[in-house]
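Take a look at the structure below.
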Ligand SMILES: [Zn+2]
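In the numbering used here, the protein residues as written are 871 to 1210.
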């Protein structure tokens, strides 16, 4: 029941095994992007610290402390987040928590305070600094932070930082399957893993987001259909789709680039191995075989049209003009066979 129940982050786990075996107070900082698993690891670390009968692998899993942790009711574990409706943790709340933390633990030998350090103002950091300077022997602080440049240098110098790194594709698939995606195909999980930059929290959110699934299919199908579309379809329906989803334009453009990149890969070799949309492999290969007259130049020009859109969107070009230009340009390149 130790850290081995968690997938990946071997360097972090190995350091945590040593750290949790030591007595006395300790202050840790888990750093890494949002969704990388800092909360999950912090809870498991708390479990090991608080366990009444820890073994060499970590928490026993059966003592009353472990049971309280599993039930989310351990009196010596506090997770500090902003109260509902607030952006940051209130200094008054933090002051109370820090004050209470000094009091001896109730059922374990220690107390663990997990703080979402993305949500603390500089006033809160100064308050925290005092307790981090001379923590009571029973106290373990775990700060979770996705941007450590926000933290005061004085805080950073008083904590042991454990940086979280990206997972491998294999680890991502294990995490996603354990996280409720056991029914999904391996190919689809690979797509989600890459699209989320191998951040489990993001991938799991996308997996269960019907809007994202619709978006992704829409963009993929748009590229597949584009050679057969007329100008009106493009200038009215497709433009409207982009306009309606303007707030997610970066995501749409990435999906567009990926699909065009997959066409380029399938065009280059008959059996492409590293498709981004590997779950839609057959459709990509069919597209290439149906559009044999396409050249590398056409595909690369289509990809350039997306880059031009990005460049033009940084200067004062209207979204409508820019978007229609891009779609017409991609259409022109992909319809090369019909136009020539
Ligand atoms: Zn235990």
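Glycine included, every Cβ here is placed at the ideal spot set by N, Cα and C. On a predicted model such as this, the values are computed, not experimentally measured, just so you know.
Worksheet item: Under the three-state reduction of DSSP, which class applies to residue 1122: helix, strand or coil?
Response: Translated into positions along the chain shown, residue 1122 becomes position 252. DSSP places residue 1122 in helix when its eight states are reduced to three.
Item to complete: If I'm right that residue 1136 touches residue 1167 with Cβ under 8 angstroms, what's the distance once you round it to whole angstroms?
Response: The residue given as residue 1136 occupies position 266 in the chain shown. The residue given as residue 1167 occupies position 297 in the chain shown. About 16 angstroms separates the two Cβ atoms, so there is no contact after all.
Practice prompt. Report the three-state DSSP secondary structure of residue 889 (helix, strand or coil).
Written response: Position 19 of the chain shown, counted from the start, is the residue given in the question as residue 889. Reduced to three states, the DSSP call for residue 889 is helix.
Discussion item. Quick check: is any heavy atom of ligand 1 less than 7 angstroms from the C-beta of residue 922?
Written reply: Here residue 922 corresponds to residue number 52 of the chain shown, with the count starting at 1. Under cutoff, so the answer is yes.
Item to complete: Only counting runs of 3 or more residues, tell me where the beta strand (DSSP E) segments fall wholly within the segment 910-982, in order along the chain.
Response: Counting only runs of at least 3 residues, the segment 910-982 fully encloses the following beta strand (DSSP E) elements, listed from N- to C-terminal order: 947-950.
Discussion item. Does the distance between the C-beta of residue 931 and the nearest non-hydrogen atom of ligand 1 fall short of 7 angstroms?
Written reply: Residue 931 sits at position 61 when you count from the first residue of the chain shown. Answer for residue 931: yes, Cβ within range of ligand 1.
Worksheet item: Alpha carbon to alpha carbon, how far is residue 1040 from residue 884?
Response: Reading the chain shown from its first residue, position 170 is the one you call residue 1040. Reading the chain shown from its first residue, position 14 is the one you call residue 884. For residue 1040 and residue 884, the distance between alpha carbons rounds to 20 angstroms.
Worksheet item: Using the beta-carbon count (16 or more within 10 Å), is residue 1177 buried or exposed?
Response: Taking the chain shown and counting its residues from 1, the one referred to as residue 1177 is at position 307. An exposed status is given to residue 1177, since fewer than 16 other beta-carbon atoms sit within 10 Å of its beta-carbon.
Worksheet item: When burial is assigned at 16 or more other CB atoms within 10 Å of the CB, is residue 1101 buried or exposed?
Response: For this step, residue 1101 is matched to residue 231 along the chain shown. Counting of Cβ neighbours within 10 angstroms places residue 1101 among the exposed residues, the total staying below 16.
Practice prompt. Inspect the CB distances between the segment 985-994 and the segment 1003-1016 and report whether three or more fall short of 8 angstroms.
Written response: Enough Cβ pairs lie closer than 8 angstroms, so yes.
Practice prompt. Return helix, strand or coil for residue 1070, following the three-state DSSP convention.
Written response: Here residue 1070 refers to the residue found at position 200 of the chain shown. The answer is helix: DSSP assigns residue 1070 an H, G or I state.
Discussion item. Does residue 1168 come out as helix, strand or coil in the three-state DSSP assignment?
Written reply: Looking up residue 1168 in the chain shown gives position 298. Helix at residue 1168.
Worksheet item: Shortest alpha-carbon distance to residue 1081 belongs to which of 948, 1121 and 880?
Response: Your numbering for residue 1081 matches position 211 in the chain shown. Nearest in C-alpha terms to residue 1081, of all of 948, 1121 and 880, is 1121.
Worksheet item: When you compare only the Cα positions, how much space is there between residue 964 and residue 950?
Response: What you label residue 964 is simply residue 94 of the chain shown in a count that begins at 1. What you label residue 950 is simply residue 80 of the chain shown in a count that begins at 1. Cα to Cα, the separation comes out at about 8 angstroms.
Worksheet item: With respect to the alpha helix (DSSP H) encompassing residue 1153, which residues constitute its N-terminal and C-terminal limits?
Response: Translated into the one-based positions of the chain shown, residue 1153 becomes position 283. That run of the alpha helix (DSSP H) goes 1151-1160.
Practice prompt. Given a cut-off of 8 angstroms, decide if residue 1024 and residue 997 are closer than it, judged by their beta-carbon atoms.
Written response: Residue numbering aside, residue 997 sits at position 127 when the chain shown is read from its first letter. Residue numbering aside, residue 1024 sits at position 154 when the chain shown is read from its first letter. For the 8 angstroms CB-CB criterion, residue 997 and residue 1024 do not form a contact.
Worksheet item: Which first and last residues belong to the beta strand (DSSP E) in which residue 1009 is found?
Response: Locating residue 1009 in the chain shown gives position 139, counting from the first residue. Following the DSSP letters along the chain, one finds residue 1009 inside the beta strand (DSSP E) bounded by residues 1009-1015.
Worksheet item: Beta-carbon separation of residue 960 and residue 920 under 8 angstroms?
Response: For the purposes of this step, residue 960 is taken as the residue at position 90 of the chain shown. For the purposes of this step, residue 920 is taken as the residue at position 50 of the chain shown. No. Outside cutoff.
Worksheet entry | Cutoff 8 angstroms; reference residue 1017; Cβ partners in own chain excluding five residues on either side | Taking the first residue of the chain shown as 1, we reach residue 1017 at position 147. If we look at residue 1017 and ignore the five residues flanking it on each side, its Cβ neighbours are 988.
Discussion item. Could you check whether the segment 1141-1156 touches the segment 1102-1110, counting it as contact only if at least three pairs of C-beta atoms, one from each stretch, sit closer than 8 angstroms?
Written reply: Flag = no, the segment 1141-1156 and the segment 1102-1110 do not touch.
Worksheet item: Under a CB-based cut-off of 8 angstroms, is residue 1205 close to chain B?
Response: This model lacks chain B altogether; it includes just one protein chain.
Practice prompt. Report the residue from 1020, 1087, 916 and 1161 whose alpha carbon sits nearest the alpha carbon of residue 984.
Written response: Translated into the one-based positions of the chain shown, residue 984 becomes position 114. Nearest option by C-alpha distance: 916.
Discussion item. To the nearest angstrom, how far is the alpha carbon of residue 879 from that of residue 908?
Written reply: To locate residue 879, count along the chain shown from 1; it is residue 9. To locate residue 908, count along the chain shown from 1; it is residue 38. Taking the straight line joining both Cα atoms gives about 10 angstroms.
Practice prompt. State the beta-bridge partners of residue 986 as determined by DSSP.
Written response: Residue numbering aside, residue 986 sits at position 116 when the chain shown is read from its first letter. Partner(s): 1014.
Item to complete: Put residue 1003 into one of helix, strand or coil per three-state DSSP.
Response: Position 133 of the chain shown holds residue 1003. If DSSP states are grouped into helix, strand and coil, residue 1003 belongs with the helices.
Discussion item. At 4 residues or longer, what runs of the alpha helix (DSSP H) sit wholly inside the segment 1009-1065?
Written reply: The segment 1009-1065 is shown to contain whole alpha helix (DSSP H) runs of 4 or more residues at 1023-1026, 1039-1046 and 1056-1065, in chain order.
Worksheet entry | Rounded straight-line distance, which links the Cα of residue 1198 to that of residue 1028 | The count along the chain shown starts at 1 and reaches residue 1028 at position 158. The count along the chain shown starts at 1 and reaches residue 1198 at position 328. So the two alpha carbons sit approximately 57 angstroms from each other.
Worksheet item: residue 918: buried (16+ other C-beta within 10 angstroms of its C-beta) or exposed?
Response: Taking the first residue of the chain shown as 1, we reach residue 918 at position 48. When all chains shown are included, residue 918 counts as buried.
Discussion item. So, with DSSP's three-state summary, where would you put residue 1205?
Written reply: For the purposes of this step, residue 1205 is taken as the residue at position 335 of the chain shown. In the structure shown, residue 1205 sits in coil (DSSP, three-state: anything other than H, G, I, E or B).
Item to complete: Say yes only if the C-beta of residue 936 is nearer than 7 angstroms to one or more non-hydrogen atoms of ligand 1, and no if none qualify.
Response: As a working mapping, residue 936 is identified with position 66 in the chain shown. Within the cutoff, so yes.
Worksheet item: Can you tell which of 1045, 1046, 1150 and 1071 has the C-alpha that lies nearest to the C-alpha of residue 1088?
Response: Taking the chain shown and counting its residues from 1, one reaches residue 1088 at position 218. Nearest option by C-alpha distance: 1150.
Worksheet item: Which whole-angstrom value describes the C-beta separation of residue 1161 and residue 1204, a residue pair presumed to lie in contact below a C-beta threshold of 8 angstroms?
Response: The residue labelled residue 1161 in the question sits at position 291 within the chain shown. The residue labelled residue 1204 in the question sits at position 334 within the chain shown. The pair is a contact, with the Cβ atoms about 7 angstroms apart (cut-off 8 angstroms).
Worksheet item: What residues in its chain sit with their C-beta under 6 angstroms from that of residue 1093, if we drop five residues either side in the sequence?
Response: The residue you call residue 1093 lines up with position 223 of the chain shown. Excluding residues up to 5 positions away in sequence, 1129 lie with their Cβ nearer than 6 angstroms to the Cβ of residue 1093 in the same chain.
Worksheet item: Pick from 912, 891 and 1096: whose alpha carbon is nearest that of residue 901?
Response: As a first step, residue 901 is located in the chain shown; it is residue number 31 there, counting from the start. Relative to the Cα of residue 901, the nearest Cα in the group 912, 891 and 1096 belongs to 912.
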